[in-house]
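Sequential numbering of the sequence shown, starting at 1, is according to this note's numbering. The beta-carbon is built from N, C-alpha and C at its ideal position, and this holds for glycine as well.
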Amino acid sequence: MKRALPSAAIGVVVLAAAVSAGSGPAGAAGQAERFYCEERQLGYWFYCTRPETAPPATQPAPEPEPSYQDRLAEVTETLRELKARAILEPTEENVAAYVAFQREQLDRSGLFTDVWQRLLWQRPDLDYTLKRPVSTLGKQAWLDARQTDKQALMAQLPERYGLFYFYAASCPSCRLMTPVLKYIDQTYGLHIQAVSMDGGPNPDFPDAVVDRGQSARMGLPSKTVPALVLFDTETKQFIPIGHGLLSADEILERIFILTQTKPGEDY
C-alpha cells in the first residue's frame, strides 16, 4: 500500500509538474505561482505576496536657462555693485575690479554698435536715415524737397480747402497771428474766414462773423484762441490745425502733414 503524501509534498510535486510543463523559466514560474497561490490555495509560500515595486526615482527637472533680459539685468546689477563697493571701499583691488568689468561692458557695447552700423550699410531696408537723413547735407536736401512739395500743395490748396480762424479782439496773441494769416491769404489765395469769440471786430478781416456755436461743431475742445481749423470741401470734414501763436511755416507744415501724409508715414 502506497503512503499518502503530505499536503506540503503535494504542493512541491504540483509545483514541479507546473514548472516542467512551462515553456520556459519565466512562463513556468508564473503558472506554478497561479496554481499554488490562486487556484488551489495549497499553502502559503513567500512568493505568494510580492513586495510593491517602488516607483522609479524621478530626475529633477533641469533649471530653465535665464532669458537674455535677465542676463542683461544681472550685468547691470553686477556693475552697480562693483561701483558701490569701489566707492565705499576704494582699495586698488575694488577699483580695478570695477574698471575692468566696466571696460568689458564698454567693449560689448562697442561691438554691438559696430555690427549695427555694418548691418545698416548692407541692409537699406533697415536704414531709417535713408527716409529721414541726419547728415547736414542730407537734411538740407530733405528740407528742400519738402518745401517744394509744400509749395505745390499750396498752389492747389484754395481749390479744395478753406481756413477758419478763431480769434478774440482782446487776445494779444491774436493780434500777432492776424498778419501771418493775412500773408497766407494774399500769397496763396487761401480763403480765410475769421470768427470772433468775443464779438470784437478784426480790421484785417472785415467780414469776420461772431461765434454762434461754430467752434463746438468743428470739434474745438475749448475757447482757446487763436485757433485754426481747415475745412475740406470735398469730404465736408473739419480738420483742426492747432491753437496758439503759429508762424506761416508752421501753419503750412501742419496743413501739408494733415492733408498729404498718413500717421507714422513721416517718422
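| Asked | Found |
| --- | --- |
| Can you name the residues that DSSP bridges to residue 196? | 167, 210 |
| Check each candidate in 166, 260, 170 and name the one with the smallest Cα separation from residue 214. | 166 |
| What is the DSSP secondary structure of residue 240, counted as helix, strand or coil? | strand |
| So, helix, strand or coil for residue 162, using DSSP? | strand |
| Below 8 Å on the Cβ atoms is my contact criterion, and I expect residue 161 with residue 233 to pass it. Report the Cβ-Cβ distance as a whole number of Å. | 7 Å |
| Using 8 Å as the Cβ pair cut-off and three pairs as the minimum, do the segment 167-177 and the segment 130-142 touch? | no |
| For residue 125, count neighbouring C-beta atoms within 10 Å of its own C-beta (all shown protein chains included) and say buried if the count is 16 or more, exposed if not. | exposed |
| Quick one: what does DSSP say residue 231 is sitting in, helix, strand or coil? | strand |
| Ignoring anything shorter than 3 residues or poking outside the segment 99-168, list the beta strand (DSSP E) runs there in chain order. | 161-167 |
| Within the same chain, show all residues whose beta-carbon is closer than 6 Å to that of residue 243, passing over the 5 residues directly before and after it, in chain order. | 224, 227 |
| Can you determine whether any heavy atom of the ligand NAP sits closer than 7 Å to the C-beta of residue 143, and answer yes or no? | With respect to small molecules bound, the structure shown includes none, and the ligand NAP cannot be examined in it. |
| Okay, do the segment 62-69 and the segment 82-93 touch, 3+ Cβ pairs below 8 Å being the bar? | no |
| Suppose you measure from the CA of residue 151 to the CA of residue 71; what does that come to, to the nearest Å? | 53 Å |
| Between which residues of its own chain and residue 210 is the CB-CB distance below 7 Å, once the five residues before and five after are set aside? | 196, 199 |
| With a threshold of 7 Å on Cβ separation, who are the neighbours of residue 219 within its own chain once the five nearest residues in sequence on each side are excluded? | 238, 240 |
| Are residue 269 and residue 230 close, meaning C-beta to C-beta below 8 Å? | One cannot answer for residue 269 here, as it falls past the ends of the chain, which runs 1 to 267. |
| Could you tell me the alpha carbon to alpha carbon distance between residue 268 and residue 115, rounded to whole angstroms? | No answer is possible for residue 268: the residues shown for the chain start at 1 and end at 267. |
| Please report whether the beta-carbon of residue 100 lies at a distance below 8 Å from any beta-carbon of chain D. | The structure shown contains no chain D, having only a single protein chain. |
| Please classify residue 264 as buried or exposed, where buried requires at least 16 other C-beta atoms within 10 Å of its C-beta. | exposed |
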